[in-house]
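Quick notes on the structure that follows.
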Amino acid sequence: MTYAPTIGLEIHVELKTRTKMFCGCLNNPDPSPLEGCEAVCFERSLSFKGEGKQPNTNICPICLAHPGTLPVANKKAIEAVLKLGLALNSKIPETSKFDRKNYFYPDLPKGYQISQYDKPLVIGGELNGVKLTRVHLEEDTARLLHSTIDNKQLTENLKLNVKGQRSNVSLVDFNRAGVPLMELVTEPDIKTGEQAVAFAKELQIILRYLDISDADMEKGQMRVEANISISKDSKFGVKVEVKNLNSFRAVQGAIDYEIKRQEKVLEKSEKVIHETRGWNEGRGTTISQRVKEEAHDYRYFPEPDLPIIDISKFDLNGLKAEIPELPQQKRERFIKEYGLKPEQVEIFVEDQDLAGYFEASVSELNTDLHGQEAVNMLFNYLSSDIKGLTNELGIGIKSLNITPENFADLIVLVVKGEISSRIAKDLLKEMHRSGIDPQSIIKEKRLSQISNEAEIENAIKEMMAENASAVNDYKNGKENILQFLIGKTMAKLKGRGNPEKIKKQLKSKLLS
């Protein structure tokens, strides 16, 4: 029996504001170790997620929910959400408000989370053909670490009288508590794990373009939850939520597995349970965690300590003017302006610095003279050789010591046949090392391509004398040996020979 999957996503994104959502603490969940800190708590010697980080340093009475403390909303965080809404053609309401979401857990010091319930900052919108329900703003929770420690630390630091050598402990790091957290909720328009990943990747790129989040999933800055159901008709099935998917691989794996799991349940004439499940990366399975809560379980009510948000006080036109060229716009422009194929453009959509370098380099080409061939060759060298060089050196394109002008000059030399592709690849490393233009290096090291027929003729004669057996094989019908003979001739010319002229003269010589 065929079942139709229905999938909706909830994506949490940590915003990169300078301070936290409701207080003046630095928004840095993973600060570097402090030097000369006198009040080092015993738990700081343990390995928190992100080894070498200092827990409980960017905190204050508001983060820790001390009695009498009052929150103040972060304007920059609100603007970040509004900017995303404008970029996704969403509706921006006239007013919005914060609400209290009540539940008890060790990582929630107040016993409630300041979130948004019925009046979010952003309503509707669309991305990758998937409709959005809403985008709202809330505060992140603290981070828990469950570990075992040496009991000496407990007795020396906390003066506890404990038996045995080690104890199981649960530690709380409040550095993340209060970090601005944006939640984007989609309509159930997604049908496959692959489509879900494509949506999440596009959102990640947009967040980076808008400079409102680094959206690094490995650091927990972007976390995906998938709501999955299947049915054999147009009605929705029973929804199962899979939480805290922290990689694109996990998103696709969890969705694909959960669809198959629910199919097996229904094929046994059993019922799918409305629950929350987690993803076990090692086993490649989802695991039941708890029965799914409904909105009424959280007893939402308006946050009494924060005023209604009057959107008219925000400069929406100014925020809209700050929105850069978005990924889809860049795709369309690069295809139209530079004659690139859709699959070629993606490398520039994902890396804005590389895209900037490409455009600066193309602007140095005389495209009227050298045409599309030069643009295509520039793309090939940039996407393979330049990328390979920066990866080898462990640097970004901004740290490359080759100006766009010098790179374009190198491409022109290859197009005009003045240097070979092999020489060009070697030149790139020397250009980065010295910062010098390619013509100067060619002149200094005598690297120009040899196209002189007499020089090539002499090299061919020497090569044929040294490889008589291979020459005879070619003459006896083994035409695939031609490339070997060309390579041997090129070696005689120390890689500087014009390959087309070598091939032409060699074939003529072999047939004579």
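FYI, the numbering for the sequence shown is 1 to 512, going by full-length UniProt numbering. For glycine and all other residues, C-beta sits at the position ideal for the given N, C-alpha and C.
message = Quick check on DSSP: helix, strand or coil for VAL265?
response = As a position in the sequence shown, residue 265 is number 265, starting the count at 1. Three-state result, VAL265: helix.
key: Those runs of the alpha helix (DSSP H) which lie wholly inside the region 71 to 139 and span at least 4 residues   = If only uninterrupted alpha helix (DSSP H) runs of at least 4 residues are considered, those enclosed by the region 71 to 139 are 75 to 87.
request  = State the start and end residues of the unbroken beta strand (DSSP E) segment that holds MET222.
outcome  = In the sequence shown, residue 222 corresponds to position 222, counting from 1. Start and end: 222 to 231.
task = For LEU308, count neighbouring Cβ atoms within 10 angstroms of its own Cβ and tell me buried if that reaches 16, exposed if not.
result = Residue mapping note: residue 308 aligns to position 308 of the sequence shown, counting from 1. Here residue 308 turns out to be Ile, not Leu, going by the sequence shown. Of the residues assessed, ILE308 falls on the exposed side of the cut-off, its CB having fewer than 16 other CB atoms within 10 angstroms.
task = Give the range of the alpha helix (DSSP H) segment to which ARG422 is assigned.
result = Indexing the sequence shown from 1 puts residue 422 at position 422. First-last of the alpha helix (DSSP H) with ARG422: 421 to 434.
query = If we call anything under 8 Å between Cβ atoms a contact, is ILE419 one with LEU447?
reply = Locating residue 419 in the sequence shown gives position 419, where the first residue counts as 1. Locating residue 447 in the sequence shown gives position 447, where the first residue counts as 1. Closer than 8 Å, so yes.
query = Does DSSP put LYS416 in a helix, a strand or coil?
reply = Mapped onto the sequence shown, residue 416 falls at position 416. Correct three-state label for LYS416: coil.
Cβ-based neighbour list, GLY50, same chain, cut-off 6 Å, excluding 5 preceding and 5 following = Within the sequence shown, numbered from 1, the residue matching residue 50 stands at position 50. Model confidence at GLY50 stands at a pLDDT of 44, short of 50, so the residue's coordinates are unreliable; what they give is reported in the following sentence. Closer than 6 Å at the Cβ level, and outside the excluded window around GLY50, lie ASP30.
query = Roughly how many angstroms separate the alpha carbons of LYS336 and GLY371, rounded to a whole number?
reply = As a first step, residue 336 must be located in the sequence shown, where it is residue number 336. As a first step, residue 371 must be located in the sequence shown, where it is residue number 371. In a straight line, the C-alpha of LYS336 is about 15 Å away from that of GLY371.
ask   = Does the separation of the CB atoms of residue 519 and ILE206 fall below 8 Å?
value = Nothing about residue 519 can be reported from this structure: the residues present for the chain run from 1 to 512 only.
ask   = How would you write the range of the beta strand (DSSP E) that GLU322 sits in, first residue to last?
value = Mapped onto the sequence shown, residue 322 falls at position 322. No beta strand (DSSP E) contains GLU322, which DSSP labels as neither H nor E.
key: Candidates SER421, ALA465, SER469, SER434: closest to LYS494 by CA position   = As a first step, residue 494 is located in the sequence shown; it is residue number 494 there, counting from the start. LYS494 has its Cα closest to that of SER421, out of SER421, ALA465, SER469, SER434.
query = Of all the options ASP216, PHE334, ASP256, which has the alpha carbon lying nearest to the alpha carbon of ILE230?
reply = On the sequence shown, position 230 is the one that residue 230 refers to. When each option's Cα is compared against that of ILE230, the closest is ASP256.
GLU500 versus TYR474: straight-line alpha-carbon distance, rounded = Taking the first residue of the sequence shown as 1, we reach residue 500 at position 500. Taking the first residue of the sequence shown as 1, we reach residue 474 at position 474. Rounded to the nearest angstrom, the two C-alpha atoms are 19 Å apart.
inquiry  = I'd like the list of long-range same chain contacts for PHE301, defined as Cβ closer than 7 Å, with 5 residues on each side in sequence excluded.
reply    = Position 301 of the sequence shown, counted from the first residue, corresponds to residue 301. Only ASP99, ARG100 meet the Cβ criterion.
ask   = If you draw a straight line from the C-alpha of ASP216 to the C-alpha of MET222, how long is it?
value = Residue numbering aside, residue 216 sits at position 216 when the sequence shown is read from its first letter. Residue numbering aside, residue 222 sits at position 222 when the sequence shown is read from its first letter. Approximately 6 Å between the Cα atoms of the pair.
task = Measure the Cβ-Cβ separation of ILE481 and ALA470 and say whether it is below 8 Å.
result = As a first step, residue 481 is located in the sequence shown; it is residue number 481 there, counting from the start. As a first step, residue 470 is located in the sequence shown; it is residue number 470 there, counting from the start. At the C-beta level, ILE481 and ALA470 come within 8 Å of one another.
8 Å Cβ cutoff met for PHE22 and ILE114 = Taking the sequence shown and counting its residues from 1, one reaches residue 22 at position 22. Taking the sequence shown and counting its residues from 1, one reaches residue 114 at position 114. For PHE22 and ILE114, yes; Cβs fall inside 8 Å.
task = Kindly indicate which three-state DSSP category VAL13 falls into: helix, strand or coil?
result = Taking the first residue of the sequence shown as position 1, residue 13 is located at position 13. Taken through DSSP and simplified to helix, strand or coil, VAL13 comes out as strand.
ask   = If you drop the 5 nearest sequence neighbours on each side, which residues of the same chain put their C-beta closer than 8 Å to that of LEU506?
value = Start at 1 with the first residue of the sequence shown, and residue 506 comes out as number 506. Cβ neighbours of LEU506 beyond the five flanking positions: ILE460, LEU482, LEU485, ILE486, THR489.
request  = Using DSSP bridges, identify the partner residues of HIS146.
outcome  = For this step, residue 146 is matched to residue 146 along the sequence shown. In the DSSP assignment, the residues bridged to HIS146 are SER170.
message = Using a Cβ distance threshold of 8 Å, determine whether the region 242 to 255 contacts the region 263 to 273, with at least three qualifying pairs required.
response = In this structure the region 242 to 255 does not touch the region 263 to 273; the number of beta carbon pairs closer than 8 Å is below three.
task = Evaluate PHE236 with the Cβ neighbour count: other Cβ atoms within 10 Å of its Cβ, from every protein chain shown; 16 or more gives buried, anything less gives exposed.
result = The residue you call residue 236 lines up with position 236 of the sequence shown. Exposed, because fewer than 16 other Cβ atoms sit within 10 Å of the Cβ of PHE236.
ask   = How would you label ALA491, buried or exposed, when you count the other beta carbons within 10 angstroms and need 16 or more for buried?
value = Position 491 of the sequence shown holds residue 491. By the 10 Å Cβ count, ALA491 comes out exposed.
key: Ranges of the beta strand (DSSP E) found wholly within the region 332 to 408, counting only runs of at least 3   = None, since the region 332 to 408 contains no complete beta strand (DSSP E) of that length.
query = Which partner residues of residue 514 appear in the DSSP bridge assignment?
reply = The shown model of the chain, from 1 to 512, leaves out residue 514, and the question about it has no answer.
key: Segment contact flag, the region 382 to 394 with the region 422 to 434, C-beta cutoff 8 Å, min 3 pairs   = The region 382 to 394 is in contact with the region 422 to 434.
task = Reducing DSSP to helix, strand and coil, say where VAL197 ends up.
result = In the sequence shown, the residue the question calls residue 197 occupies position 197. In this structure, VAL197 counts as helix in the three-state DSSP scheme.
query = What does DSSP give as the partner residues of LYS243 in its beta bridges?
reply = To locate residue 243, count along the sequence shown from 1; it is residue 243. Answer is GLY278, bridged to LYS243.
ask   = Can you tell me whether ILE212 is buried or exposed, with buried defined as 16 or more other CB within 10 angstroms of its CB?
value = Your numbering for residue 212 matches position 212 in the sequence shown. So ILE212 ends up on the buried side.
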